[in-house]
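A short worksheet on the structure shown next.
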Amino acid sequence: METITSRQNPLMTHIRKLAGSAAYRRQTGECLCDSPKLLREAAQWGADVRTVVSVLPWDGPLPDHVRQVLVPPEVMSSISPAKTPQGVLFTCTIPVLPVPETLPGRRYVVLDGVQDPGNVGTVLRTLDAFDADGLLLTGGCADPFGPKTVRASMGAVFRRPVWTCMGQELHTLLRRSGIPLYGAALRADTMDARAVELSRAAVAIGSEGRGLTEELLALCDGT
Numbered sequence: 010m011e012t013i014t015s016r017q018n019p020l021m022t023h024i025r026k027l028a029g030s031a032a033y034r035r036q037t038g039e040c041l042c043d044s045p046k047l048l049r050e051a052a053q054w055g056a057d058v059r060t061v062v063s064v065l066p067w068d069g070p071l072p073d074h075v076r077q078v079l080v081p082p083e084v085m086s087s088i089s090p091a092k093t094p095q096g097v098l099f100t101c102t103i104p105v106l107p108v109p110e111t112l113p114g115r116r117y118v119v120l121d122g123v124q125d126p127g128n129v130g131t132v133l134r135t136l137d138a139f140d141a142d143g144l145l146l147t148g149g150c151a152d153p154f155g156p157k158t159v160r161a162s163m164g165a166v167f168r169r170p171v172w173t174c175m176g177q178e179l180h181t182l183l184r185r186s187g188i189p190l191y192g193a194a195l196r197a198d199t200m201d202a203r204a205v206e207l208s209r210a211a212v213a214i215g216s217e218g219r220g221l222t223e224e225l226l227a228l229c230d231g232t
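All the letters of the sequence shown, read from the start, carry residue numbers 10 to 232 under the numbering used here.
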């Protein structure tokens, strides 16, 4: 167990950069998570936790390789992405998930241009609650491993796969997997969701402001 008291320590700088920059997260292959609950979820679901920074010693199980650091409350406040820090931050390796050849599951969600990290995390948490098989992001969605997204997912990001792909790549993948795509949109030919067979399907949801793009709507089997 280390103790760090300086806000200018290289680890503290690293954590602040992870909190603020998606490019830096991609460059380093790490993401930043906060709260004791998320740390317990990460440990339970086998996430590759690298460093734990806390105000009080962490008393939960952690692998031997995890670096554990104590900091005073004022340093925690300076590095936490949350307005009200919960006393525990940790870094994780971002899983590298190339788009698969096929999707073997039954139910998937597609997000198209959803830029609010809280919304991406909430959808991920919801599809996890419904035991869906994964999330596909297209059209420049919020970083699924940003601190706000991870927090809103309430640990679902450690349990469900998330892939990023282009529209045509998505179309090819779903066709190859035999999975129809339904878009959430109001049009003249829109079907009642209660009448659609969704036992094996993907459902696409568009951005908060404009909904699904015309490009993605053109790939849908129905709305």
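Idealized CB from N, CA, C, for every residue including glycine. As the structure is a computational prediction, the values presented were derived from the model and not from experiment.
In the three-state reduction of the DSSP assignment, V84 falls in the helix class, which pools H, G and I. The residues V108, L145, L146, T147 and L182, in chain order, have a CB closer than 8 Å to that of C174 in the same chain once the five nearest residues on each side in sequence are set aside. Within the DSSP secondary-structure output, F167 pairs in no beta bridge. Of the candidates V166, E110 and L65, the residue whose Cα lies closest to the Cα of L41 is V166. Contact between L226 and G192 is confirmed by a C-beta separation of about 6 Å, below the 8 Å threshold. When DSSP states are grouped into helix, strand and coil, I24 belongs to the helix group.
Going by DSSP, L79 is part of the beta strand (DSSP E) stretching over R76 to L79. In the three-state reduction of the DSSP assignment, T232 falls in the coil class. Assignment of V132 by DSSP, reduced to helix, strand and coil, places it in the helix class.
Taken through DSSP and simplified to helix, strand or coil, V159 comes out as helix.
In summary, F99 is buried, with 16 or more beta-carbon neighbours lying within 10 Å of its beta-carbon over all protein chains present. Only residues of its own chain outside the window of five on either side were considered, and among them I88 have a CB closer than 7 Å to the CB of R25, listed in chain order. Non-local C-beta neighbours of T135 in its own chain, meaning closer than 7 Å and more than five positions away in sequence, are absent. When rounded, the separation of the alpha-carbon atoms in L190 and A32 is 31 Å.
In terms of CA proximity to A213, G122 leads the group G122, P19 and G96.
When secondary structure is reduced to three states using DSSP, D137 falls in the helix class.
Between the stretch 193-213 and the stretch 76-91 there are fewer than three inter-stretch CB-CB distances shorter than 8 Å, so the stretches are not counted as touching.
In the DSSP annotation of this structure, the continuous segment of the beta strand (DSSP E) that includes G192 starts and ends at L190 to G192. If the five residues before and after P82 are omitted, its C-beta is found closer than 6 Å to the C-beta atoms of V64, all from its own chain and listed in chain order.
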